[in-house]
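Student: Sharing a structure below in structure tokens format, with a few things to ask.
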Amino acid sequence: MDQDDDDRAAASLAAARRTLRAGIDKSRALDTALARAGPRLEEIQGALPALEAAVRPIRAPRAELAAAGPHIDRAVGPAAAVLKVFDAVHGLEPPLLAPGAAAGDLPGYLAVLGRLEEALRFLSDNCGLAAQWLADIVEYLGDRDLADPRFLADLGVTLDELKTPSGDLDGGLLAAALDILEAEYRRLLADNSAPLAMQQPGAAAPSSVAPSRVPAAAVQKITLILDRLVANGRQDRCVSVYVDARGSVVSASLRALGLEYLRDPAVDAQALGPAVELWRRHLEFVVRRLLESERQLCVKVFGKHKDCGAACFADVASRAGVLDFLRFGRAVADAKKDPIKLQRLLEVFDSLNKLRLDFNRLFGGKACAEIQSQTRDLVKLVVDGAVEIFEELIVQVELQRHMPPPVDGGVPRLVTFVVEYCNRLLGEKYRPVLGQVLTIHRSWRKEVFNDRMLVDAVLNIVKALEANFDVWSKAYDNAILSYLFMMNTHWHFFKHMKATKLGELLGDVWLREHEQYKDYYLTVFIRESWGALSPLLNREGLILFSKGRATARDLVKQRLKTFNSSFDEMICRQSSWIIPDKDLREKTCDLVVQTIVPSYRSYMQNYGPLVEQEGNAGKYVKYTVDGLEKMLSALFMPRPRRAGSFQIRHSSGKITSEMTGLHRSVSAVK
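Per the numbering used here, numbering of the sequence shown is gapless, rising by one per residue and ending at 750.
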């Protein structure tokens, strides 16, 4: 029994010990937890004043809280809507800033951008209003002492800032998206900027419609981007990028043409001929092809932004060197006065006139005012210069009347030039242009002009030249040379006017008169020169002395000596004379041969043996028949003339170089 009691006591003691140990462990754990909670409790204690202020409205009277509820609800609703839009704006950031988003799906990108713009407009319109409503609630709570004054003061400052929101409501997202669009705009322009090549002469005629060098799909994309950029205030940057891109295209197209001649033109009208022809082709290409295509592109790209497009095109046109082309035209007008300059001026006017409608269409706006002004000035300068030269032509022809004729009896260069020059003025190339120039000039003076007046003016120039012939022929000291001169000149007139527009206007009767004059002077020339030699070989006295060979031989010697002397003198004199026309020269030589050779042959056959047997026969028989014929057949061959020019005189008689020799321009008339 006692043993059982002892066991139970030991068990109870062990249990008590365990319980005590567990209590000690719990006490230690509680002590550790309390040690850790100390700082947290201190923090809570420090926050109690603010917490007290925050919950103070709850501690306000129930009636006042109930009255504030509707006011708070009305303010919080708009503020919550604004916050939702802010969240939506942040949600647009990934699709707008994703690499290649604009290039890959431009319509989709613009749609997202549109949502961003719409959201920003909403925020701009409503953020301040929501802040104002919240501020009203703050004021309401403050007036009724429903919240801590310090808290309400801080909240009021924040709301005042929200009443006037800055433009950066999206954190710069719109600006970044617009930068991406601008880069795509620049890329599309750069990728479609191939220069336009000019067709080579002889190629098929180009279409009257300027080529579209930018695909329609690219144009559509560029236009869509442009609209968004302009709507967001980036018009100036769009214009700058466009002008740089398209201006580079125009500049590259022009470099391929080689336009150096525009900046350093010749001062001589003849030397300007090839350059003016290039100028005409290049100007037509630049205006009708290059700039017309650029104008059409501007219209398509800028669409409703017409003023912006006009300014862009004006800047692009300035890169095309239109003013350089106009300055070259002015250099032609300022070139040294010369008859050929008239043709150069007519060519310049013709080009400008053909491009008149194109100029009006391309450069009619205010942005191209300088081009308009320069063009008007050039047209007036060209018209005045052309009319001045044309009206002075007849005066210059008359002044040449007192200049010496060619010493070789050939055709004066003035005659050669004026005939060809007047034929060209009345040809299809120049006649309508000259008529138009004269009509315009007369209209400025309130006068009337018609084509018949132009024809009469040209014919008067020819008739004034014709009147020079007699004056020139009388200037020769040698009458026989004057006959040769008149024969040459009248034949040149006839041959070079027959079957021409000028000859048609002058009439067949007038032409036949010159042909008859040629025949007349040819007959007189032969009779008065070579016709006088044949009688020197007469047989008078030789029959009477037929039985006295010595006497006959002396008489033959004397006549051969006289003939040889006269022949040598004639050959020496006429060997420097010329007949430029081959047919007339051959005909004249044949007549000379027929006049001399038969008589000489007969004489030598009959009387030559009388002297040929003597030792000094060569003294009297200088020429064989064949030798004589060859010498005569080789007469009047033209030789290259020394380069020179007529001196042109003013009506006062003073020599001037204002208009260089008319003949000098013959080779340049093409």
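We put the CB at the ideal spot given by N, CA and C, even for glycine.
1) Does DSSP classify isoleucine 138 as helix, strand or coil?
2) Measuring only the C-alpha atoms, how far is phenylalanine 549 from glutamate 450?
3) Measuring straight from C-alpha to C-alpha, what distance separates isoleucine 420 and alanine 296?
4) Nearest to proline 174 by CA position, among Leu253, Gly184 and Leu186, is which residue?
5) Mark leucine 114 as exposed unless 16 or more other C-beta atoms lie within 10 angstroms of its C-beta, in which case mark it buried.
6) With the cut-off set at 8 Å, would you say arginine 424 and valine 528 are in Cβ contact?
7) So, using beta-carbon positions, are proline 660 and asparagine 568 closer together than 8 Å?
8) With burial defined as no fewer than 16 other Cβ atoms inside 10 Å of the residue's Cβ, what is the status of serine 655: buried or exposed?
9) Identify the continuous alpha helix (DSSP H) that holds glutamine 454 and give its terminal residues.
10) DSSP three-state call for methionine 483: helix, strand or coil?
11) Note the first and the last residue of the continuous alpha helix (DSSP H) segment covering valine 517.
12) Quick check on the DSSP output: the alpha helix (DSSP H) that includes isoleucine 260 runs from which residue to which?
13) Can you tell me whether phenylalanine 365 is helix, strand or coil according to DSSP?
14) Using CA coordinates, which residue listed in Asn440, Pro179, Asp395 and Val499 is at the minimum distance from lysine 578?
15) By how many angstroms is the C-alpha of leucine 258 removed from the C-alpha of arginine 293?
16) Along the chain, where does the alpha helix (DSSP H) containing histidine 31 start, and where does it finish?
17) When DSSP labels each residue in this structure, what does valine 347 get in the three-state scheme?
18) Given leucine 426, which residues of its chain have a CB within under 8 Å of its CB, disregarding the five upstream and five downstream residues?
19) Closest by CA to lysine 598, which one among Ser562, Lys581 and Ser609?
20) Starting from glutamate 593, trace the alpha helix (DSSP H) both ways and give me its first and last residue.
21) Does the segment 369 to 376 come close enough to the segment 299 to 306 to have 3 or more Cβ pairs within less than 8 Å?
22) Do proline 345 and leucine 352 have their C-beta atoms closer together than 8 Å?
23) Quick one: what does DSSP say tyrosine 703 is sitting in, helix, strand or coil?
24) Check whether chain B comes within 8 Å of lysine 386, counting only Cβ atoms and requiring the distance to be less than that.
25) Is the beta carbon of valine 809 sitting closer than 8 Å to the one on lysine 637?
26) Roughly how many angstroms separate the alpha carbons of proline 492 and methionine 566, rounded to a whole number?
27) Please report how far the alpha carbon of alanine 390 lies from the alpha carbon of serine 328, in whole angstroms.
28) State buried or exposed for threonine 668, treating a residue as buried only when at least 16 other CB atoms are found within 10 Å of its CB.
29) Report yes if the C-beta distance between asparagine 540 and isoleucine 474 is below 8 Å; otherwise report no.
30) So, for lysine 702: in the same chain, excluding its five sequence neighbours on each side, which residues have a beta-carbon less than 6 Å away from its beta-carbon?
31) Is asparagine 503 near lysine 581, with beta carbons less than 8 Å apart?
32) To the nearest angstrom, report how far apart alanine 183 and arginine 267 are at their CA atoms.
33) Using DSSP with H/G/I as helix, E/B as strand and the rest coil, what is glycine 507?
34) Where does aspartate 387 land, buried or exposed, given buried means 16+ other C-beta within 10 angstroms?
Tutor: Inspection of the coordinates gives the following:
1) For the purposes of this step, residue 138 is taken as residue 58 along the sequence shown, with counting starting at 1. For isoleucine 138, the pLDDT reaches just 46, beneath the cut-off of 50, and the residue's location in the model is therefore unreliable, although a value from the coordinates is still provided. Look at isoleucine 138 here: in three-state DSSP terms it is helix.
2) To locate residue 549, count along the sequence shown from 1; it is residue 469. To locate residue 450, count along the sequence shown from 1; it is residue 370. Phenylalanine 549 and glutamate 450 have their C-alpha atoms spaced approximately 52 Å apart.
3) Numbered from its first residue, the sequence shown carries residue 420 at position 340. Numbered from its first residue, the sequence shown carries residue 296 at position 216. Distance between the alpha carbons of isoleucine 420 and alanine 296: 48 Å.
4) By one-based count along the sequence shown, residue 174 stands at place 94. That would be Leu253, whose Cα lies nearest to the Cα of proline 174.
5) Taking the sequence shown and counting its residues from 1, the one referred to as residue 114 is at position 34. A caution first: leucine 114 carries a pLDDT of 49, below 50, which makes its placement in the model unreliable, though a value can still be read off. Leucine 114 should be labelled exposed.
6) Here residue 424 corresponds to residue number 344 of the sequence shown, with the count starting at 1. Here residue 528 corresponds to residue number 448 of the sequence shown, with the count starting at 1. One thing to note: arginine 424 has its Cβ no nearer than 8 Å to the Cβ of valine 528.
7) As a working mapping, residue 660 is identified with position 580 in the sequence shown. As a working mapping, residue 568 is identified with position 488 in the sequence shown. Cβ distance < 8 Å, so proline 660 and asparagine 568 count as in contact.
8) As a working note, residue 655 is residue 575 in the sequence shown. Exposed.
9) As a position in the sequence shown, residue 454 is number 374, starting the count at 1. Per DSSP, glutamine 454 belongs to the alpha helix (DSSP H) from 449 to 479.
10) Translated into the one-based positions of the sequence shown, residue 483 becomes position 403. The answer is coil: DSSP assigns methionine 483 none of H, G, I, E or B.
11) Locating residue 517 in the sequence shown gives position 437, where the first residue counts as 1. Run containing valine 517: 511 to 524, per the alpha helix (DSSP H) assignment.
12) If you number the sequence shown from 1, residue 260 lands on position 180. Run containing isoleucine 260: 253 to 271, per the alpha helix (DSSP H) assignment.
13) Position 285 of the sequence shown, counted from the first residue, corresponds to residue 365. Residue state, collapsed to three classes: helix.
14) In the sequence shown, residue 578 corresponds to position 498, counting from 1. Of Asn440, Pro179, Asp395 and Val499, the residue nearest in Cα terms is Val499.
15) Position 213 of the sequence shown holds residue 293. Position 178 of the sequence shown holds residue 258. Near 27 Å, if we compare the C-alpha coordinates of leucine 258 and arginine 293.
16) This structure leaves residue 31 out entirely; the chain is present only between 81 and 750.
17) Along the sequence shown, read from residue 1 onward, the residue named residue 347 stands at position 267. DSSP places valine 347 in coil when its eight states are reduced to three.
18) Stepping through the sequence shown from its first residue, residue 426 is reached at position 346. Only Ala466, Tyr510, Val513, Leu514 and Val517 meet the Cβ criterion.
19) For this step, residue 598 is matched to residue 518 along the sequence shown. Distances from the alpha-carbon of lysine 598 to those of Ser562, Lys581 and Ser609 put Ser562 closest.
20) By one-based count along the sequence shown, residue 593 stands at place 513. In the DSSP assignment, glutamate 593 falls within the unbroken alpha helix (DSSP H) covering 588 to 608.
21) Flag = no, the segment 369 to 376 and the segment 299 to 306 do not touch.
22) Position 265 of the sequence shown, counted from the start, is the residue given in the question as residue 345. Position 272 of the sequence shown, counted from the start, is the residue given in the question as residue 352. Yes, the pair counts as a contact, with Cβ atoms nearer than the cut-off.
23) The residue you call residue 703 lines up with position 623 of the sequence shown. Tyrosine 703 falls in the coil class under three-state DSSP.
24) The question asks about chain B, but that chain is absent: this structure has only one protein chain.
25) Nothing in the structure corresponds to residue 809, since the chain is present only between 81 and 750.
26) To locate residue 492, count along the sequence shown from 1; it is residue 412. To locate residue 566, count along the sequence shown from 1; it is residue 486. One C-alpha to the other measures close to 11 Å.
27) In the sequence shown, counting from the first residue as 1, residue 390 sits at position 310. In the sequence shown, counting from the first residue as 1, residue 328 sits at position 248. Approximately 18 Å between the Cα atoms of the pair.
28) Looking up residue 668 in the sequence shown gives position 588. Answer is buried; the Cβ neighbour count reaches 16.
29) By 1-based counting over the sequence shown, the position of residue 540 is 460. By 1-based counting over the sequence shown, the position of residue 474 is 394. Going by C-beta atoms, asparagine 540 is nearer than 8 Å to isoleucine 474.
30) Walking along the sequence shown from the start, residue 702 turns up at place 622. These residues qualify, in order along the chain: Asn644.
31) Locating residue 503 in the sequence shown gives position 423, where the first residue counts as 1. Locating residue 581 in the sequence shown gives position 501, where the first residue counts as 1. Yes, these two residues count as a Cβ contact at 8 Å.
32) Start at 1 with the first residue of the sequence shown, and residue 183 comes out as number 103. Start at 1 with the first residue of the sequence shown, and residue 267 comes out as number 187. Alanine 183 and arginine 267: Cα-Cα distance of roughly 9 Å.
33) For the purposes of this step, residue 507 is taken as the residue at position 427 of the sequence shown. Correct three-state label for glycine 507: coil.
34) Within the sequence shown, residue 387 is the residue found at index 307, counting from 1. Here aspartate 387 is exposed, its C-beta having fewer than 16 other C-beta atoms within 10 Å.
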